[in-house]
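Residue numbers (UniProt numbering): 1 to 914.
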């Protein structure tokens with residue numbers, strides 16, 4: 001059975017075993033024949049251009065040999081520019097439904113290849129003939145010649161296909177033949193949109209849409225933009241290259257993000273799936289998980305689904321009289337000689353020259369086999385108008401002629417080379433009489449020739465020599481002889497091994513491969529993919545229910561205007577910061593991103609909100625004090641640095657809120673560990689704050705950074721912090737060590753207490769807005785304010801009875817300050833604090849006040865509390881904003897409403913005085 005997840009054996013995650021059990025049960029049910037032909041979707045090649053492409057609507061699929069589709073009017077002529085009659089326009093009584101767990105749903109298969117052959121008859125008529133294994137009905141998408149030239153010949157065949165097969169991007173001279181890259185990509189997007197438009201017209205709620213191959217990488221985005229609830233899967237029939245190859249593609253970002261719009265992304269092998277996830281993590285900076293790729297809490301599932309063939313079709317064909325006649329003719333023709341067979345498209349990736357050269361070396365080293373073996377090479381011509389393919393054809397002919405001239409006789413030659421395709425019956429007969437099949441692909445998505453050969457070898461039990469660079473090697477590798485096609489000597493030795501292999505070994509190898517081919521069929525592949533897509537969508541819906549809803553901005557603003565004393569708590573990084581456009585460069589623009597800057601569009605709104613006498617604004621951040629000073633010094637607000645451990649009003653000096661006897665003995669030893677890993681991890685860095693250390697590897701190589709982070713944690717736990725009172729907080733790509741109890745939730749009550757004390761606040765706080773991109777460790781701040789949580793479950797700060805230290809540095813006895821003028825600032829602040837204390841009505845010999853003073857001023861009802869996570873869909877917050885841009889928009893709206901409200905009140909008061 002195809003692997004459920006490419007990253008874990010059982011699918012990974014808590015819910016995966018349930019999925020696997022479900023799929024195993026379904027496997028025992030009767031099969032629904034979704035696809036019948038192995039070559040119906042085998043598009044691992046660059047194809048000849050066609051004037052049209054096909055968007056398939058498949059409610060039922062016919063097997064080969066079945067009658068023509070009932071819903072196409074005898075496949076008659078269709079005028080160019082018009083689609084075949086839509087089967088959805090009339091009765092659906094002739095349609096087969098997919099029986100997946102009792103569900104009734106339609107399957108819409110969208111692919112660039114037609115299930116029919118279109119032949120022009122005259123100037124304005126087309127004849128459509130059903131292809132073997134074709135779909136029941138098709139809605140044709142006619143593309144004009146220019147789009148075909150730019151989209152198909154240009155972007156698909158000259159850009160994506162070579163890149164995905166590790167041939168690299170074309171040089172400028174080749175690009176010039178199809179104009180430039182930008183116009184090709186524009187045509188690619190237009191063509192994908194044309195496919196989407198046809199799907200829109202016939203889509204019904206509940207339909208499953210299955211997009212196929214590199215021709216339609218932009219289609220999932222088009223579909224999801226139209227209806228986010230569409231069930232969309234995408235499957236690639238070619239290899240997906242390593243991220244280092246893929247990253248050379250100029251449009252790499254758009255294509256990756258478009259594919260990630262699909263609910264399920266499928267590949268032939270685990271390697272291709274792994275390369276795709278790696279590209280998403282390295283290029284887009286997203287998080288790869290055992291299930292797939294996660295972006296802002298949304299999971300795109302990525303899995304391996306090895307395709308199969310309709311093995312029964314080949315087995316039935318061997319019983320046909322015509323095929324038996326072919327078998328007898330071939331047996332007589334090659335009597336006394338072992339038959340080796342190669343069936344390939346005449347393509348650069350198929351390794352035909354390497355195969356023939358290896359056969360030549362075999363003949364050189366084994367002269368006794370000269371008259372005892374023959375190689376039959378079927379090379380199906382493709383793209384005959386392309387110079388590279390013409391050159392390949394000439395090269396192959398030259399090598400074949402040289403070998404036949406060297407080893408041939410008047411009555412026999414060692415190589416029979418055919419530059420044409422064979423009909424199905426002749427091909428089955430050829431498979432059946434072959435002793436050794438030789439597949440030497442240099443890069444192949446799957447290569448189903450190997451499957452077809454095994455299916456026809458029930459009697460002879462021949463040997464399969466298979467390239468390790470073909471996707472089929474992962475499925476048939478145990479029974480086949482795997483070779484590196486570039487190693488001519490290895491392939492020649494494998495030929496000798498295959499020809500002299502004992503019968504019992506041949507039977508064992510064949511038995512293994514035959515069992516796989518006959519059980520992992522095309523029908524099984526398609527049914528598994530559709531079942532997995534349904535399961536993925538169902539699980540995504542469950543996750544969505546756990547995601548906080550979007551912030552109801554109008555409600556939040558109305559409640560804000562009605563309240564008397566408001567508190568706004570705002571995070572900084574990824575909340576109020578200016579976004580940095582990385583243009584897809586690895587790790588982004590490190591220098592700009594490390595320099596945190598307030599979003600320029602926020603200066604006006606923040607100033608307006610801070611000047612409202614009924615509003616208190618706190619910026620609460622893990623950043624250093626100097627960072628907050630630089631960005632917010634001009635506003636009338638409170639700044640809380642290092643998770644609230646340092647506090648000051650912008651018109652005053654810094655003070656500390658941390659417990660007075662905080663143990664910081666661990667600092668030096670942890671610093672040495674952080675320095676060690678920073679030196680050995682390129683583009684990583686660490687910040688030394690007064691109460692914590694943060695090591696960040698966001699800009700380092702993703703995989704290496706994770707390995708280094710794991711090593712760092714092992715070093716920390718077995719050494720410096722084994723007995724220390726510290727917390728280790730892991731971010732997506734960071735490791736932070738901080739003293740126990742240092743969280744935003746633990747600090748907020750002491751912060752409120754200080755604000756109440758300093759501003760002589762009497763009116764209860766009846767409105768709280770808390771917005772931030774906080775780590776999970778710091779989300780206790782959301783719980784602190786939530787009126788629906790019982791008070792005993794809320795976080796009590798560490799050392800609750802400790803006094804506030806109003807010294808500007810306020811650091812623990814063995815802590816370290818990063819302020820260069822800390823002594824002068826300390827003396828000045830102590831003088832200010834002393835004067836303030838002596839004049840305050842709350843003065844005493846000690847500046848102590850109870851930690852409950854902050855929470856005691858709260859008079860908060862549920863409808864007046866708005867906690868909002870920014871960009872974190874798994875959160876304790878009540879609401880969600882997707883990005884800092886959404887925060888900017890909301891604060892602008894809030895400031896505008898406040899200004900209007902104040903102006904209205906001023907007019908009312910003026911009229912009242914009149």
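Ideal Cβ positions, reconstructed from N, Cα and C, are used throughout, including at glycine.
Less than 8 angstroms divides the Cβ of residue 642 from the Cβ of residue 691.
Relative to residue 440, the option among 340, 385 and 502 whose CA is nearest is 340. A direct Cα-to-Cα measurement between residue 480 and residue 466 gives close to 6 angstroms.
The beta-carbon separation of residue 573 and residue 623, rounded to 7 angstroms, stays under the 8 angstroms limit for a contact. The alpha carbon of residue 869 has as its nearest neighbour, out of 884, 224, 368 and 305, the alpha carbon of 884.
Annotated three-state conformation of residue 753 is helix, per DSSP. Take residue 781, set aside five residues on each side of it, and the residues of its chain with a beta-carbon closer than 6 angstroms to its own are 744, 745 and 748, in chain order. Shown here for residue 597: same chain residues with a beta carbon closer than 8 angstroms to its own, the five before and five after excluded, namely 577, 578 and 631 in chain order. In this chain, residue 353 is not harboured by any beta strand (DSSP E); it is covered by the alpha helix (DSSP H) spanning 352 to 365.
Rounded to whole angstroms, the separation of the alpha carbons of residue 200 and residue 327 is 49 angstroms. Membership of residue 280 in the alpha helix (DSSP H) is indicated by the continuous run 270 to 283. Contact annotation: residue 772 and residue 628 have beta-carbon atoms that are not nearer than 8 angstroms.
Residue 522 counts as buried, since no fewer than 16 other beta carbons sit within 10 angstroms of its beta carbon. Using a Cβ distance threshold of 8 angstroms, residue 351 and residue 442 count as a contacting pair. The criterion of a C-beta distance shorter than 8 angstroms is satisfied by residue 223 and residue 230.
Considering only 717, 566 and 621, the residue with the shortest C-alpha distance to residue 769 is 566. By the Cβ neighbour-count rule, residue 445 is buried, with 16 or more other Cβ atoms within 10 Å of its own. For residue 196, the enclosing alpha helix (DSSP H) covers residues 181 to 202.
Taking C-beta atoms under 8 angstroms as the contact rule, residue 428 and residue 314 qualify, at a distance of about 6 angstroms.
The segment 620 to 678 is shown to contain whole alpha helix (DSSP H) runs of 4 or more residues at 625 to 632, in chain order. Taken through DSSP and simplified to helix, strand or coil, residue 534 comes out as helix. The Cβ neighbour count for residue 879, taken over all protein chains shown within 10 Å, is at least 16; the residue is labelled buried. As the crow flies, the alpha-carbon of residue 682 is around 14 angstroms from that of residue 734. Distance between residue 292 and residue 300, taken at the CA atoms: about 6 angstroms.
Collapsing the DSSP output to three states places residue 594 in a helix. By DSSP's assignment, residue 340 forms a beta bridge with 375 and 436. In this structure, residue 307 lies away from residue 161, with their beta-carbon atoms at least 8 angstroms apart. Our two residues, residue 382 and residue 338, have alpha carbons roughly 29 angstroms apart in a direct line. Residue 396 places its beta carbon 8 angstroms or farther from that of residue 436. Its chain contains 359, 363, 370, 373, 374, 375, 403, 404, 407 and 408 as the residues whose beta carbon lies nearer than 8 angstroms to that of residue 414, once the 5 sequence neighbours on both sides are disregarded; these appear in chain order. Non-local C-beta neighbours of residue 165 in its own chain, meaning closer than 6 angstroms and more than five positions away in sequence, comprise 349 and 443, ordered along the chain.
Within the model, the alpha-carbon separation for residue 498 versus residue 505 is close to 10 angstroms. Burial of residue 234 is indicated by the presence of at least 16 other C-beta atoms within 10 angstroms of its C-beta. Between residue 877 and residue 548, the gap from beta carbon to beta carbon is short of 8 angstroms. By the neighbour-count definition (other C-beta atoms within 10 Å, threshold 16), residue 605 is a buried residue. In the three-state reduction of the DSSP assignment, residue 697 falls in the coil class, being assigned neither a helical nor a strand state.
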